[in-house]
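All residue numbers in the sequence shown are consecutive under our numbering, ending with 56.
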Amino acid sequence: MYHRRDQDRGNAKQVHVRSLLVVPAVLALANEAQADAMAADKAAADALFTEARTLP
């Protein structure tokens with residue numbers, strides 16, 4: 001038979017493990033979004049550079 005304290009300790013461990021699994025997923029999404037933004041910035045800069053080169 002579990003005591004209330006043991007149950008609380010088990011729940012705390014479960015929440016901790018869950019948060020350890022969520023944090024890397026969130027960081028991966030943030031890194032992916034940053035990479036997409038950097039690629040878009042580079043594409044825009046390349047387009048501006050190409051356009052500026054073709055101006056008389």
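Backbone N, C-alpha and C fix where the C-beta goes; we use that ideal spot for every residue, glycine too. Computed from a prediction, not measured in an experiment: that's the story for all the values here.
Reduced DSSP category for Pro24 - H, G, I as helix; E, B as strand; rest coil: helix
Roughly how many whole angstroms lie between the Cα atoms of Leu48 and Ala28?
30 Å
Taking DSSP as the reference, what is the three-state secondary structure of Met1?
Confidence at Met1 is low in this model, with a pLDDT of 47, below 50, so its placement is unreliable and the value that follows should be read with caution. Met1 falls in the coil class under three-state DSSP.
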